[in-house]
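Trainee: Heads up: the sequence shown begins at 1 in this note's numbering, then just goes up one per residue.
Below are the structure tokens for one structure; questions will follow.
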Amino acid sequence: MTGPARKYFLQAEKHRKSAEYSRAISLYQKALAQFRDRSDVNGTLDCVLSLADTFRAKGDFTEAGIHYTEGLEIAQALDDMTAEADAMAGLGLSMRALGNWKFALDLIGRAGRSYRLLNDKKGEAFSVWARGGAYRIKGDIKKALKDFHAALKKFRQLKDSSGVAYSYCGLGGSSRIAGKFGDSGKYYSLANRMFSRLKDRFGLAYSYCGLGNVQRMKGDYKGALDYFQKAEVLYRQIGDRVSYAYTLWSIGTSWKMLGEYGKALKSFQAASEFFSQTKDPRGHIYCILGAGEIDYLNGRGKRAGKVFLKALKLAERYRFGVETGYAKRLLTSCERGKGFPVNLP
């Protein structure tokens with residue numbers, strides 16, 4: 001990797017590490033154009049995979065998937081087993097985010113087996129962490145917790161602070177869904193301190209959002225909003241539309257629990273627009289449920305029932321275990337005429 005292409009590539013790497021994703025993408029694309037013009041296959045592969053990683057970090061999972069697929073094809077043609085494993089793991093994470101947890105588990109499993117054959121300890125730890133996230137999307141929280149604990153142990157052995165911090169986040173989110181709010185707060189606090197030391201802006205935003213959700217589940221809705229607003233600012237700066245949208249949903253839920261239904265609906269609608277743009281079915285389900293609750297709380301119970309049923313059908317179609325359970329819970333509450341508002345984890 002030499003010449004102007006290398007210069008663009010190295011500049012892009014610097015911006016990506018600083019979570020300046022839009023600038024990084026622009027520079028990677030300039031480098032990629034030059035690598036293609038020179039028929040530099042290895043440079044093209046490195047650039048395509050880096051672009052994929054950046055699109056994924058930004059929350060553009062469809063575009064990330066396109067680049068990971070291209071990277072996988074190039075890696076297979078070059079018989080580059082490491083790059084092939086990296087592409088499969090990244091594609092798995094993208095498919096996971098788009099709701100296809102079954103395909104994600106297959107890809108991440110294949111990547112993990114390759115990392116083991118290569119004796120790539122960091123890659124193996126990453127694949128275990130990624131698998132935990134796929135199980136979380138599936139709704140198998142027991143397996144998710146097991147994998148996040150295993151990943152944490154591996155990253156600690158490698159003295160990989162970033163991996164440790166993201167494992168804490170995985171444990172924090174899964175613990176919250178399991179109803180273990182004390183554990184969730186502990187893990188997110190540990191992650192937040194580590195991200196602060198690492199100057200990882202995305203990690204800080206992620207852990208702030210996690211801490212906000214812990215406060216929300218404890219009934220401290222104003223305290224939750226303080227954390228969410230910190231996360232919101234960082235996600236806007238980074239340009240991560242998906243994480244920003246989930247933060248908007250959390251803000252909406254906090255306003256709903258405070259009785260501010262107009263503000264809540266506004267947040268749900270804004271989040272839903274982002275989820276539609278990024279093709280995130282899971283996030284869209286949460287917004288449908290939130291809007292349905294606002295209908296019920298404003299005296300439109302019949303309409304709310306139809307909305308909850310729509311969310312249930314969507315969750316069942318994607319086989320989202322957690323979200324299917326939430327939709328059934330709200331539909332039952334609607335039929336019984338009690339139990340609202342609901343503070344979903």
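In this text, a Cβ means the ideal position worked out from N, Cα and C, and glycines have one as well.
Mind reading off the beta-carbon distance from A271 to G283? Whole number of angstroms is fine, and I expect it under 8 Å.
Mentor: So it is a contact: roughly 7 Å between Cβ atoms.
Trainee: Flag I288 as yes when its Cβ comes closer than 7 Å to any non-hydrogen atom of the ligand MG, and as no otherwise.
Mentor: Looking at this structure, you won't find the ligand MG or any other ligand, since it has none at all.
Trainee: Just mark N119 as buried or exposed, buried being the case when its beta carbon has 16 or more other beta carbons within 10 Å.
Mentor: By the 10 Å Cβ count, N119 comes out exposed.
Trainee: Flag this pair as touching only if the segment 228 to 238 and the segment 190 to 199 have three or more C-beta atom pairs under 8 Å; answer yes or no.
Mentor: Contact fails: fewer than three Cβ-Cβ distances are below 8 Å.
Trainee: I'd like the list of long-range same chain contacts for R116, defined as Cβ closer than 8 Å, with 5 residues on each side in sequence excluded.
Mentor: Taken in chain order, the residues that qualify are E124.
Trainee: At which residues does the alpha helix (DSSP H) containing R131 begin and terminate?
Mentor: Start and end: 121 to 138.
Trainee: What is the residue span of the alpha helix (DSSP H) that R319 lies within?
Mentor: Counting along the chain, R319 falls outside any alpha helix (DSSP H), and DSSP gives it neither H nor E.
Trainee: Does the pairing of the segment 211 to 228 with the segment 41 to 57 give three or more beta-carbon distances under 8 Å?
Mentor: Touching, no, given that fewer than three Cβ pairs across the two stretches are closer than 8 Å.
Trainee: Between the Cα of L258 and those of L225, S114, Q34, spot the shortest distance and give me the residue it belongs to.
Mentor: Nearest of L225, S114, Q34 to L258, Cα basis: L225.
Trainee: Quick one: using the 10 Å Cβ neighbour count with 16 as the cut-off for buried, is S50 buried or exposed?
Mentor: It is buried - the Cβ of S50 has at least 16 other Cβ atoms within 10 Å.
Trainee: Run the CB neighbour count on L78, radius 10 Å, all protein chains shown included, and call it buried at 16 or more, exposed below.
Mentor: Label assigned to L78: exposed.
Trainee: How would you call L331, buried or exposed, if buried means at least 16 neighbouring beta carbons within 10 angstroms?
Mentor: So L331 counts as buried.
Trainee: Using three-state DSSP, classify A224 as helix, strand or coil.
Mentor: In the structure shown, A224 sits in a helix (DSSP, three-state: H, G or I).
Trainee: My understanding is that I141 touches A178, with C-beta atoms under 8 Å, so please give their C-beta distance in whole angstroms.
Mentor: The pair is a contact, with the Cβ atoms about 5 Å apart (cut-off 8 Å).
Trainee: DSSP three-state label for L283, please.
Mentor: According to the sequence as given, residue 283 is Gly; it is not Leu. If DSSP states are grouped into helix, strand and coil, G283 belongs with the helices.
Trainee: Indicate whether Y206 and S243 have their beta-carbon atoms separated by less than 8 Å.
Mentor: Contact flag set, yes.
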